[in-house]
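Using this note's numbering, read the sequence shown as starting at 29 and increasing by one per residue. In what follows, a single structure is set out as C-alpha coordinates and then discussed.
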Amino acid sequence: DSTPLLIGTHMIATFRVGVTRDLLPHHDTLGLAGIGLDVLDQAPGVAWEFLPERVDTLRPDQVAPYDALFVLGCGVTAETLRGAKDLSIVARFGVGYDRVDVDACTRGAILLTITPDGVRRPVASSALAFILALAHKLAVKDRLAREVNWADRADHMGTGLTGRTLGIIGPGNIG
29 DSTPLLIGTH MIATFRVGVT RDLLPHHDTL GLAGIGLDVL DQAPGVAWEF
79 LPERVDTLRP DQVAPYDALF VLGCGVTAET LRGAKDLSIV ARFGVGYDRV
129 DVDACTRGAI LLTITPDGVR RPVASSALAF ILALAHKLAV KDRLAREVNW
179 ADRADHMGTG LTGRTLGIIG PGNIG
(Lines of atoms letter the chains of each structure in order from A; the text may use other names.)
(Lines give C-alpha, C1' and ligand atoms only; values in the text may rest on other atoms or scores of the structure.)
Protein backbone atom coordinates (compact mmCIF):
# COMPACT_ATOMS: atom_id res chain seq x y z
CA ASP A 29 0.00 0.00 0.00
CA SER A 30 1.59 3.30 -1.09
CA THR A 31 -0.95 5.54 0.62
CA PRO A 32 0.98 8.38 2.27
CA LEU A 33 0.97 8.47 6.06
CA LEU A 34 0.41 11.58 8.16
CA ILE A 35 3.01 11.62 10.95
CA GLY A 36 2.66 14.72 13.09
CA THR A 37 2.44 17.45 10.49
CA HIS A 38 4.42 15.55 7.82
CA MET A 39 3.02 13.48 5.01
CA ILE A 40 5.38 10.60 4.17
CA ALA A 41 5.17 7.78 1.64
CA THR A 42 6.91 5.20 3.85
CA PHE A 43 7.50 5.25 7.60
CA ARG A 44 11.01 3.80 8.01
CA VAL A 45 11.92 1.92 11.21
CA GLY A 46 15.51 1.08 12.08
CA VAL A 47 16.03 -1.88 14.41
CA THR A 48 19.33 -2.17 16.26
CA ARG A 49 21.44 -5.24 15.60
CA ASP A 50 21.83 -6.00 19.30
CA LEU A 51 18.45 -7.75 18.96
CA LEU A 52 20.31 -10.28 16.81
CA PRO A 53 22.69 -12.78 18.37
CA HIS A 54 26.00 -13.13 16.53
CA HIS A 55 24.55 -15.63 14.05
CA ASP A 56 22.16 -12.94 12.68
CA THR A 57 18.85 -14.58 13.50
CA LEU A 58 16.35 -12.91 15.78
CA GLY A 59 17.16 -13.98 19.32
CA LEU A 60 13.97 -12.60 20.84
CA ALA A 61 11.31 -14.39 18.83
CA GLY A 62 7.75 -13.23 19.27
CA ILE A 63 8.52 -9.59 20.10
CA GLY A 64 6.15 -8.29 17.44
CA LEU A 65 8.38 -7.28 14.54
CA ASP A 66 6.05 -9.28 12.28
CA VAL A 67 3.37 -6.66 13.00
CA LEU A 68 5.53 -4.13 11.17
CA ASP A 69 5.53 -6.39 8.10
CA GLN A 70 1.74 -6.13 7.92
CA ALA A 71 1.46 -2.40 8.62
CA PRO A 72 0.69 -0.45 5.45
CA GLY A 73 3.26 2.21 4.66
CA VAL A 74 5.83 0.85 7.14
CA ALA A 75 9.23 -0.53 6.17
CA TRP A 76 11.73 -1.81 8.70
CA GLU A 77 15.26 -3.12 8.61
CA PHE A 78 18.11 -3.98 10.92
CA LEU A 79 20.79 -1.34 11.10
CA PRO A 80 23.86 -2.42 9.13
CA GLU A 81 26.25 -2.74 12.07
CA ARG A 82 26.27 -3.61 15.76
CA VAL A 83 27.41 -0.68 17.92
CA ASP A 84 27.37 0.27 21.59
CA THR A 85 26.11 3.82 20.94
CA LEU A 86 24.26 4.87 17.81
CA ARG A 87 25.83 7.51 15.59
CA PRO A 88 23.94 10.33 13.81
CA ASP A 89 24.61 8.81 10.37
CA GLN A 90 23.02 5.54 11.49
CA VAL A 91 19.74 7.10 12.62
CA ALA A 92 19.37 9.83 9.96
CA PRO A 93 17.43 7.67 7.45
CA TYR A 94 14.75 6.62 9.92
CA ASP A 95 11.45 7.92 11.26
CA ALA A 96 11.59 5.51 14.22
CA LEU A 97 14.19 3.49 16.10
CA PHE A 98 13.60 0.19 17.88
CA VAL A 99 16.52 -0.36 20.26
CA LEU A 100 17.49 -2.96 22.82
CA GLY A 101 20.59 -1.77 24.64
CA CYS A 102 22.32 0.60 22.24
CA GLY A 103 22.98 4.05 23.60
CA VAL A 104 20.97 6.96 22.21
CA THR A 105 22.70 10.21 23.10
CA ALA A 106 22.29 13.88 22.25
CA GLU A 107 25.04 13.33 19.65
CA THR A 108 23.08 10.40 18.20
CA LEU A 109 20.03 12.62 17.70
CA ARG A 110 21.98 15.50 16.12
CA GLY A 111 20.67 15.82 12.60
CA ALA A 112 17.93 13.18 13.03
CA LYS A 113 15.37 15.52 11.48
CA ASP A 114 12.86 12.78 10.59
CA LEU A 115 13.06 10.78 13.81
CA SER A 116 9.79 10.87 15.74
CA ILE A 117 10.07 7.92 18.14
CA VAL A 118 12.66 5.85 19.98
CA ALA A 119 11.06 2.60 21.16
CA ARG A 120 13.25 0.82 23.69
CA PHE A 121 12.69 -2.91 24.10
CA GLY A 122 13.13 -3.23 27.83
CA VAL A 123 12.86 -0.92 30.79
CA GLY A 124 14.91 1.96 32.05
CA TYR A 125 16.27 5.02 30.39
CA ASP A 126 19.91 4.69 31.43
CA ARG A 127 21.08 4.24 27.82
CA VAL A 128 18.81 6.91 26.32
CA ASP A 129 19.23 10.66 26.76
CA VAL A 130 15.68 11.54 27.78
CA ASP A 131 16.35 15.30 27.78
CA ALA A 132 17.74 15.16 24.24
CA CYS A 133 14.63 13.27 23.07
CA THR A 134 12.42 15.85 24.78
CA ARG A 135 14.30 18.75 23.18
CA GLY A 136 13.98 17.08 19.78
CA ALA A 137 10.25 16.36 20.24
CA ILE A 138 11.02 12.64 19.92
CA LEU A 139 8.65 10.27 21.68
CA LEU A 140 10.42 7.75 23.93
CA THR A 141 8.77 4.49 24.92
CA ILE A 142 9.74 1.41 26.92
CA THR A 143 8.24 -2.08 27.12
CA PRO A 144 7.88 -3.00 30.80
CA ASP A 145 5.87 -6.13 30.00
CA GLY A 146 8.60 -7.32 27.63
CA VAL A 147 11.02 -8.26 30.39
CA ARG A 148 8.85 -9.30 33.32
CA ARG A 149 8.91 -13.03 32.71
CA PRO A 150 12.61 -13.31 31.80
CA VAL A 151 13.66 -11.29 34.87
CA ALA A 152 11.32 -13.25 37.16
CA SER A 153 12.62 -16.55 35.74
CA SER A 154 16.21 -15.42 36.18
CA ALA A 155 15.52 -14.40 39.78
CA LEU A 156 14.07 -17.84 40.50
CA ALA A 157 17.06 -19.52 38.85
CA PHE A 158 19.43 -17.52 41.06
CA ILE A 159 17.41 -18.36 44.17
CA LEU A 160 17.59 -22.08 43.36
CA ALA A 161 21.31 -21.86 42.54
CA LEU A 162 22.03 -20.13 45.86
CA ALA A 163 19.82 -22.44 47.93
CA HIS A 164 21.58 -25.50 46.50
CA LYS A 165 25.10 -23.98 46.43
CA LEU A 166 25.33 -24.66 42.72
CA ALA A 167 28.46 -22.54 42.15
CA VAL A 168 30.37 -24.37 44.90
CA LYS A 169 29.21 -27.77 43.62
CA ASP A 170 30.23 -26.82 40.07
CA ARG A 171 33.72 -25.91 41.31
CA LEU A 172 34.00 -29.15 43.28
CA ALA A 173 32.95 -31.20 40.24
CA ARG A 174 35.46 -29.45 37.98
CA GLU A 175 38.22 -30.00 40.54
CA VAL A 176 37.12 -33.65 40.95
CA ASN A 177 36.83 -32.99 44.66
CA TRP A 178 33.69 -34.94 45.55
CA ALA A 179 34.94 -35.64 49.05
CA ASP A 180 33.98 -32.10 50.13
CA ARG A 181 30.45 -32.16 48.68
CA ALA A 182 28.87 -33.15 52.01
CA ASP A 183 30.10 -29.83 53.44
CA HIS A 184 28.06 -27.96 50.80
CA MET A 185 24.62 -29.55 50.75
CA GLY A 186 22.75 -26.22 50.69
CA THR A 187 19.58 -25.30 52.50
CA GLY A 188 16.96 -26.28 49.97
CA LEU A 189 13.60 -24.54 49.78
CA THR A 190 11.36 -26.65 52.00
CA GLY A 191 9.78 -24.47 54.68
CA ARG A 192 11.31 -21.28 53.28
CA THR A 193 9.62 -18.04 52.29
CA LEU A 194 10.94 -16.60 49.04
CA GLY A 195 10.65 -13.18 47.52
CA ILE A 196 12.25 -10.73 45.15
CA ILE A 197 13.10 -7.28 46.46
CA GLY A 198 14.19 -4.44 44.26
CA PRO A 199 13.65 -5.22 40.59
CA GLY A 200 10.75 -2.79 40.08
CA ASN A 201 7.25 -4.16 39.72
CA ILE A 202 8.49 -7.70 39.05
CA GLY A 203 9.09 -8.32 42.76
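Cβ atoms here follow ideal geometry from the backbone N, Cα and C, with glycine treated the same way.
Check                                                                                                                                                                               : Outcome
Could you check where the alpha helix (DSSP H) with Ile142 kicks off and where it finishes?                                                                                         : Premise fails: Ile142 is in no alpha helix (DSSP H) and is neither H nor E.
Kindly list the residues whose CB is nearer than 7 Å to the CB of Leu194, restricted to its own chain and excluding five residues on each side of it in sequence; keep chain order. : Ile159
Would you say the beta carbon of Ile142 comes nearer than 6 Å to a heavy atom of the ligand ATP?                                                                                    : Because no ligand of any kind appears in the structure shown, any question about the ligand ATP cannot be addressed here.
Quick one, which of Asp66, Gly103, Pro72 has its alpha-carbon nearest Thr48's?                                                                                                      : Gly103
Grab me the residues of Ile202's own chain with a C-beta within less than 6 Å of its C-beta, minus the 5 sequence neighbours each way, in chain order.                              : Arg148, Val151, Ala152
Just reading off the alpha helix (DSSP H) that Phe121 is part of, what are its end residues?                                                                                        : Element bounds for Phe121: n/a, residue is neither H nor E.
Which whole-angstrom value is the C-beta distance of Thr141 and Ile117, which I expect to be below 8 Å?                                                                             : 7 Å
Measure the Cβ-Cβ separation of Ala163 and Gly186 and say whether it is below 7 Å.                                                                                                  : yes
Between the alpha carbons of Arg192 and Ala173, how many angstroms are there, rounded?                                                                                              : 27 Å
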